[in-house]
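Each residue of the sequence shown is one higher than the last, beginning at 542 in our numbering.
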Amino acid sequence: MTLDLHKLGHLIAVAEEGGFTRAARRLHLSQQALSTSIRALEREVGVELLDRGGSKLTVLPAGEALIADARLLHGAARSALLRARRIGRGETDVLRIGHTPAVTGDEVTALLHRVHEVQPELSTQVNQRYPGELTEGLVAGELDLGLCRGMTPDRGLVATTLAHHRLRVAVAAGHRLARRDSVELGELADETIVVWGLPGRSGYTDLLIECCRQAGFEPDIRRNPIQGTPPVTAVQGTDDLALVTAAAGPAAGGTVRVLELLPPTFVPLHALWPQHTNSPAREDFLAAVTEA
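Below, the structure written as structure tokens:
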């Protein structure tokens, strides 16, 4: 038995749009044609996928399970299609990389330089994605590799640790600690620490909070209202601190100073990718990082 990717796409659209009318408009189908497609899919699967009885359409547990797998299937099919086109047209294989704001552009560039020492012909496209967008891009087949910190891979994705980077403390140039070269983690107990994700919703924020707890205190945290900018810039013009992986010394044009954190504390750099896709460029990348 096989499943029709088009019908699975119809099911995804109905679930995302919350009903047949908007989904049909999105798919450029008549509502009747869309309803017929979903009914045919339910017959193929052998169980109902949607509850149409109430005032609001509800996706049944079987439908939710099928949609989760369907997104992976669509992503794998998209990756396979794009790869076949590149090969058929004689185009260079390109590794599409996304990274979260927790991984800075400088860190990505440094990593790529290491890779190109081993694989000088490797072609890459790099862009920043927020964690949820990174996962969506990987599942949808839009990205081949994700670089992040502290993210738990969703179903269908696999992860590995590429490196561990040392944490440091960023303060504004006018902060009382700015003249120091280092600070102990326990000294931050009375400070406000800027983070980029909410506790319980960001694996990296939870990781940073756990570092503080291991030092004996519960941190006072504030979510940075400016998202997507380099982490060191979060403290500009404030009395707050930020835990960053940037090099010690002046940063952000001299408006920020980065201090060594004692005792040395390290956070992981993770790579994520779709489990059931084939990417020789990704394999070359991971092999080069392992060898570097």
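Just so you know, even glycine gets a beta-carbon here, dropped at the ideal spot from N, CA and C.
Within-7 angstroms CB hit, residue i to chain C
i, result
"residue 656", "Considering every chain present, this structure includes no chain C. It has just one protein chain."
Straight-line Cα distance separating residue j from residue i
i, j, result
"residue 554", "residue 619", "17 angstroms"
"residue 601", "residue 723", "55 angstroms"
"residue 763", "residue 752", "16 angstroms"
"residue 631", "residue 664", "14 angstroms"
"residue 675", "residue 662", "25 angstroms"
"residue 836", "residue 716", "Because the chain is modelled from 542 through 833, residue 836 falls outside the range shown and cannot be assessed."
"residue 760", "residue 812", "28 angstroms"
"residue 691", "residue 673", "13 angstroms"
"residue 707", "residue 581", "55 angstroms"
"residue 700", "residue 687", "9 angstroms"
"residue 808", "residue 784", "10 angstroms"
"residue 569", "residue 551", "11 angstroms"
"residue 595", "residue 562", "16 angstroms"
"residue 698", "residue 772", "26 angstroms"
"residue 680", "residue 612", "7 angstroms"
"residue 741", "residue 693", "12 angstroms"
"residue 587", "residue 575", "18 angstroms"
"residue 756", "residue 705", "19 angstroms"
Own chain partners of residue i with C-beta closer than 8 angstroms, once the 5 adjacent residues on each side are dropped
i, result
"residue 669", "639, 640, 641, 642, 646 and 769"
"residue 624", "634, 819 and 820"
"residue 824", "none"
Local conformation of residue i per DSSP, three classes
i, result
"residue 780", "coil"
"residue 561", "helix"
"residue 801", "strand"
"residue 790", "strand"
"residue 818", "coil"
"residue 733", "strand"
"residue 687", "strand"
"residue 653", "helix"
"residue 713", "strand"
"residue 705", "strand"
"residue 580", "helix"
"residue 700", "strand"
"residue 665", "strand"
"residue 544", "coil"
"residue 765", "coil"
Closest Cα partner of residue i within the set the options
i, options, result
"residue 767", "760, 587, 777 and 716", "777"
"residue 803", "710, 761 and 744", "710"
"residue 779", "689, 621, 718 and 693", "718"
"residue 728", "549, 651, 586 and 782", "782"
"residue 604", "612, 614, 548 and 591", "591"
"residue 800", "547, 721, 575 and 648", "721"
Close-in-space but distant-in-sequence residues of the same chain around residue i (CB under 7 angstroms, 5 per side omitted)
i, result
"residue 559", "598"
"residue 564", "554, 555, 558 and 575"
Cβ neighbours of residue i in the same chain (closer than 6 angstroms, five flanking residues each side left out)
i, result
"residue 774", "793"
"residue 738", "746"
"residue 796", "714 and 777"
| said: Ignoring anything shorter than 4 residues, give me the alpha helix (DSSP H) runs that lie fully in the segment 599 to 642, in order along the chain. | reply: The qualifying runs are 602 to 629.
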